[in-house]
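See below for the structure under consideration.
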Amino acid sequence: MPINYASQYIVINEPELLFSATEKKYCHKSPIVGLSCWGPYDSSISGRITPNNPIRLAIISVHEKISRLLEYLNSLNNTIRLSEANDYLVEYEGFYNIYKTKLFIPPYENNLIQLISQEEIEQCKNTEDKEISFVELIKKYIRNLLPFRDKFDVIIFHVTDEMSEFERVNINGYVFDLRDHIKAFCAPNNLKIQFIRERSIPSNESSSNVDYVRKAWWLSLAIYCKAGGIPYKLKETIPGTVYVGLSYAISATSRKNKIVLGVSQIFDETGEGIRFRLLPVKKPLWNRADVYKENPFMSKEDARQLFITIRQDYQAINGEPLKRVVVHKTTPFRAQEIAGICEALTGIDKIELLTIQSNVLHRLIRGADDQKDATGKPIKGVAKFPVKRGTILPLDTDTFLLFTQGDVEGINLRKGRYHYYQEGRGIPRPILIQRYLGTAPVETVAEDILKLTKMNWNNLQLYNRLPVTIIFAHRIAQIVKQVENYSDIPFDFRYYI
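Residue numbering for the sequence shown follows this note's numbering, starting at 1 and increasing by one per position.
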């Protein structure tokens with residue numbers, strides 16, 4: 001039987017993003033509208049050092065496919081107008097007009113373009129460990145770029161159709177991921193790389209260019225951020241706060257030989273990812289008796305060491321003492337972890353330890369009670385739009401549902417429309433938040449999460465379903481477990497997104 005929570009729900013407002021370090025009025029709910037109107041946040045900073053101007057690309061591609069790739073990349077420097085009205089997108093005005101920074105794409109015959117032959121790809125396909133052979137081939141071409149390291153900022157790797165069988169391979173239960181292996185190689189070499197799949201390059205022959213415009217926005221943002229740019233920050237902040245996404249990387253295939261790494265992605269109060277931390281878990285705890293039996297947990301000492309490092313990192317970067325710590329992860333907090341975290345954060349009274357789960361069965365239908373007919377009487381029944389994004393449904397004192405998907409009012413750009421539902425169809429799926437430590441109001445906890453769903457600099461969606469703390473920590477964990485020497489890897493998240 002459905003449960004009626006109508007009298008208990010809370011709705012918090014859609015967070016705004018800030019696009020200037022000097023003008024607080026340059027803010028908007030939509031990242032794409034904000035960039036179109038005011039440009040990136042760091043363009044307002046006088047004397048900024050990064051990104052370089054111009055941002056310079058190097059390219060790895062295939063002889064027969066380079067022309068199409070260069071045509072596509074050069075289109076980023078041009079204005080691309082929408083062929084039809086869109087709920088969310090605005091026209092792409094060209095890289096310089098948006099980001100206030102030029103984009104340099106090397107000409108065809110240039111040392112910054114490395115071209116693979118079809119014969120080399122076929123040779124890899126005919127070897128026993130074809131995916132390993134192909135990774136070594138790509139590494140060779142990446143090494144060819146190293147003598148010119150001072151000439152480029154971001155590598156574009158063109159994953160052509162003939163490379164598709166190397167992208168993801170299941171080897172006796174172990175999943176080989178080309179992207180993870182290449183990024184794990186690039187990071188210790190101080191290289192930032194952007195993958196572009198041939199099949200994802202949009203056609204410029206279609207009557208509708210909505211997909212072309214969307215991908216121009218997404219790719220330009222990725223290049224700008226990987227080159228060191230800051231596109232936007234959160235407008236409303238709680239000073240002295242750090243948000244930590246916690247995950248684990250397990251680097252071997254048998255439990256006996258597993259190397260467990262604690263991966264923490266750290267964000268400051270503005271939502272900017274300031275760095276990630278990697279710490280070998282010396283005494284991982286395994287709980288075979290429950291559903292999390294394949295996930296390790298930290299001992300008290302491991303947790304203490306990790307959060308001492310996080311505390312030191314924040315103070316070294318921000319120059320101010322830490323006042324509030326919010327930790328997100330997808331598995332429960334064990335007593336030893338909580339004790340170690342609290343000991344490391346002695347003197348900090350505001351600590352929130354939260355488990356965020358996305359596999360949730362709950363659904364919520366929005367009633368029409370907040371809508372009225374022509375006579376002013378409330379309409380009974382089901383609303384025309386889904387539940388509002390930002391709806392909180394408390395289940396008990398420390399557990400609640402948060403709808404990070406849903407209807408957002410005032411975003412739709414089409415004339416005469418008001419509601420915007422990013423998913424387009426279906427019923428929004430909430431996330432489940434369980435608090436293990438903390439006393440902040442549920443509205444504050446939920447607002448933190450909602451704000452962080454807008455801070456994934458890897459795309460320009462209005463929001464992601466999960467906060468960037470969880471997304472980046474898990475993504476980085478997948479990559480760093482491929483790294484051979486953990487002491488050599490840089491701590492800037494831009495190497496891994």
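All C-beta atoms, glycine included, are put in the ideal place defined by N, C-alpha and C.
None of the values given here were measured: they were computed from a predicted structure.
What number of angstroms, rounded off, separates the C-alpha of residue i from the C-alpha of residue j?
i      : j      : result
LYS415 : ILE60  : 43 Å
ILE341 : ALA227 : 34 Å
ARG311 : ILE348 : 10 Å
THR79  : HIS362 : 44 Å
GLN434 : TYR141 : 47 Å
PRO106 : LEU466 : 37 Å
PHE134 : CYS124 : 6 Å
ILE476 : ASP177 : 13 Å
PHE493 : ASN53  : 21 Å
THR309 : VAL213 : 42 Å
SER358 : PRO428 : 12 Å
GLN194 : HIS158 : 9 Å
GLN482 : GLU409 : 43 Å
GLN405 : GLN422 : 8 Å
GLU165 : LEU402 : 39 Å
THR391 : ASP407 : 10 Å
ASN464 : PHE472 : 12 Å
TRP217 : LEU460 : 7 Å
PHE104 : ILE55  : 6 Å
GLN265 : ASN144 : 31 Å
TYR9   : LEU462 : 23 Å
TYR232 : LYS24  : 12 Å
ASP396 : PRO147 : 60 Å
PHE297 : GLU337 : 7 Å
ASP180 : LEU191 : 14 Å
ASN86  : VAL33  : 13 Å
GLU136 : LEU115 : 15 Å
How would you call residue i, buried or exposed, if buried means at least 16 neighbouring beta carbons within 10 angstroms?
i      : result
VAL326 : buried
VAL244 : buried
TYR496 : buried
HIS63  : exposed
ALA303 : buried
THR453 : buried
TYR418 : exposed
ILE382 : The amino acid at residue 382 is misidentified as Ile; the sequence shows Val. Exposed is the call here.
LEU354 : buried
TYR420 : buried
PRO283 : Strictly speaking, residue 283 in this sequence is Lys, with Pro absent from that position. So LYS283 counts as exposed.
LYS256 : For LYS256, the predicted structure reports a pLDDT of 47, less than 50, and the residue's modelled location is therefore unreliable. The matter cannot be settled from this model.
To which residues of the same chain is residue i closer than 7 Å at the C-beta, ignoring the five residues directly before and after it?
i      : result
ARG199 : ASP161
GLU84  : SER208, VAL210
HIS474 : SER247
ASP516 : A question about residue 516 goes unanswered here, because the residues of the chain that appear run from 1 up to 497.
GLU343 : ARG304
PHE276 : VAL263, SER264, GLN265, ILE266, ILE476, PHE491, PHE493
Looking at the strands, I want to know which residues DSSP matches up with residue i.
i      : result
VAL62  : ILE116
THR391 : VAL11
SER247 : VAL263
GLY273 : PHE267
GLN461 : In the DSSP output, where bridge partners are listed per residue, GLN461 has none listed.
VAL175 : ASN170
VAL326 : TYR243, GLU352
THR79  : Its beta-bridge partners do not exist; DSSP assigns none.
GLU516 : Given a span of 1 to 497 for the chain in the structure shown, any question on residue 516 remains unanswerable.
ARG56  : PHE104
GLN194 : ILE156
GLN357 : LEU432
TYR92  : ILE80
In terms of residue numbering, what span does the alpha helix (DSSP H) encompassing residue i cover?
i      : result
GLU301 : 300 to 318
THR331 : Counting along the chain, THR331 falls outside any alpha helix (DSSP H), and DSSP gives it neither H nor E.
ASP129 : Here ASP129 belongs to no alpha helix (DSSP H), and DSSP marks it neither H nor E.
PHE493 : It is not in any alpha helix (DSSP H) - PHE493 carries neither H nor E in the DSSP assignment.
Apart from the five residues on each side of it in sequence, which residues of its chain come closer than 6 Å, Cβ to Cβ, to residue i?
i      : result
THR241 : GLU269, ARG324
GLU91  : ARG81, LEU82
TYR224 : TYR99
LEU364 : VAL387
TYR72  : ILE201
SER254 : In this prediction, SER254 scores a pLDDT of 41, lower than 50, which makes its location untrustworthy; no coordinate-derived value is stated.
SER44  : SER20, ALA21, THR22
Please list, in chain order, all residues of the same chain as residue i whose beta carbon is under 8 Å from its beta carbon, the five residues on each side excluded.
i      : result
ILE526 : Residue 526 cannot be examined here, being either before or after the span of the chain that is shown, 1 to 497.
PRO15  : LYS29, LEU234, LYS235, GLU236, GLU447, LEU450, LYS451, LYS454
GLN315 : PRO321, LEU322
Check for me: the beta strand (DSSP E) holding residue i runs from which residue to which?
i      : result
ARG434 : Per the sequence shown, the amino acid found at residue 434 is Gln instead of Arg. Here the beta strand (DSSP E) through GLN434 covers 431 to 437.
LEU221 : LEU221 -> not in any beta strand (DSSP E); alpha helix (DSSP H) instead, spanning 210 to 226.
LEU401 : 399 to 402
VAL154 : 154 to 159
Does residue i come within less than 8 Å of chain D when only Cβ atoms are used?
i      : result
ASN456 : Looking at the structure shown, chain D is missing, and only one protein chain is on hand.
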